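Position 130 of the sequence shown, counting from 1, maps to 139 under the working numbering, and the rest follow consecutively. Below you'll find the structure, written out as structure tokens, and then a few comments.
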Amino acid sequence: MNPTADLADVSQALARSGTGVAPRRAPVDAPPKRSRRRGYLANVVFMTLAGGLVATMAIPAYAFAPSSTESNFGATASTELTRSGAQTVQVADHAATVSVARDGFTATTPEELAAAAAAVAAKAAEARRQEVAAQMTSYAASYSGPSVAEYLANPSHPSFDLASVYGVASQYQGVPYVYGGATPAGFDCSGLIMYVYAQFGISLPHSSTGQGAAGTRIALADAQPGDLVIMDGHDGFYAGNGNILHAPYEGAAVRVQPIWTSSYYIVRLGI
10 MNPTADLADV SQALARSGTG VAPRRAPVDA PPKRSRRRGY LANVVFMTLA GGLVATMAIP
70 AYAFAPSSTE SNFGATASTE LTRSGAQTVQ VADHAATVSV ARDGFTATTP EELAAAAAAV
130 AAKAAEARRQ EVAAQMTSYA ASYSGPSVAE YLANPSHPSF DLASVYGVAS QYQGVPYVYG
190 GATPAGFDCS GLIMYVYAQF GISLPHSSTG QGAAGTRIAL ADAQPGDLVI MDGHDGFYAG
250 NGNILHAPYE GAAVRVQPIW TSSYYIVRLG I
């Protein structure tokens with residue numbers, strides 16, 4: 010008996026009688042098991058590649074920059090020497106015996122500088138003395154009126170009062186300032202006061218300090234025109250209302266102007 014043939018006959022008989030069960034078929038759209046495995050592997054590979062690409066793009070730009078201590082073309086010889094610590098410097102044996110000379114260099118000492126400054130000051134003082142002497146010679150030649158000594162010997166105003174003193178002093182407004190001057194050809198500050206008071210028979214030194222010491226200090230509230238305004242190195246006549254009549258400085262003339270400082274005091278003569 011052939012089993013295979015018998016089984017085929019039985020299957021045909023069942024099929025003809027309609028009482029048998031038809032053989033089971035696999036669904037048409039079901040993929041083979043091998044195809045599913047291949048698709049799974051493809052998905053894994055794709056996700057891995059995508060993740061790597063994202064990670065690469067996320068790396069900061071400075072991660073790709075070369076180190077500041079390295080060259081794109083490799084380390085130089087000096088860099089290699091520095092890294093290896095080879096910093097030895099060879100010095101010739103005779104270097105320790107070399108001496109340092111000034112080679113003719115000279116420097117001015119403080120004493121020499123002081124002497125030079127003193128020489129310049131002395132030269133300027135001498136030039137100033139000669140200038141004043143020439144000025145005084147010209148000044149003396151330009152005036153032929155009474156001198157201070159002549160007025161003291163024979164005062165033109167024997168009656169003394171402050172108003173008269175200020176009236177005489179006012180006549181000399183416009184007279185130029187001359188250093189050491191004590192006549193209407195030219196006045197300095199104390200020369201003006203000396204010349205005016207000499208006309209009233211009052212002798213005063215040719216010095217602002219000496220003139221201040223010759224009188225009596227009074228309060229500013231009691232000051233009258235004709236009193237003296239004494240400053241440090243300067244003086245003049247009090248002109249009332251906070252003003253002074255004086256010979257100010259070279260290049261200017263006798264004038265009245267407001268007192269410009271609070272550092273002064275008032276002196277009255279004849280009391």
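Glycine included, each C-beta is placed from N, C-alpha and C at the ideal position. Please read these numbers as outputs of a predicted model, since none were measured by experiment.
Residue(s) in a DSSP beta bridge with residue i
i           : result
residue 279 : Residue 279 pairs with nothing; no bridge assigned.
residue 115 : Answer by DSSP bridge pairing: none, since residue 115 is not bridged.
residue 137 : The partner list for residue 137 (beta bridge, DSSP) is empty, contrary to what the question assumes.
residue 267 : 252
residue 274 : 239
residue 262 : 185
Own chain, CB closer than 6 Å to residue i, minus 5 neighbours either side, in chain order
i           : result
residue 165 : 208
residue 256 : 186, 196, 197, 198, 201, 263
residue 261 : 186
residue 174 : 235
residue 216 : 199
residue 265 : 248, 252, 254
residue 171 : 233, 235
residue 227 : 275, 277
residue 270 : none
residue 99  : none
Other residues of its chain near residue i: CB distance less than 7 Å, five sequence neighbours each side excluded
i           : result
residue 232 : 247, 275
residue 190 : 148, 196, 197, 200
residue 184 : 193, 195, 196, 262, 263
residue 160 : 207, 208
residue 225 : 276, 277, 280
residue 167 : 210
residue 143 : none
residue 158 : none
Neighbourhood of residue i by C-beta, 8 Å cutoff - its chain only, sequence neighbours within 5 removed
i           : result
residue 169 : 209, 210, 211, 279
residue 223 : 213, 214, 276, 278
residue 101 : none
Distance between beta carbons of residue j and residue i, contact taken as under 8 Å
i           : j           : result
residue 259 : residue 188 : 7 Å
residue 244 : residue 220 : 6 Å
residue 193 : residue 181 : 6 Å
residue 254 : residue 178 : 6 Å
residue 268 : residue 251 : 6 Å
residue 238 : residue 273 : 5 Å
Contact the stretch 218-235 vs the stretch 150-164: 3+ CB pairs below 8 Å: no
Counting only runs that start and end within the stretch 168-256, where is the beta strand (DSSP E) found for 3 or more residues in a row? 225-227, 237-240, 243-249, 252-255
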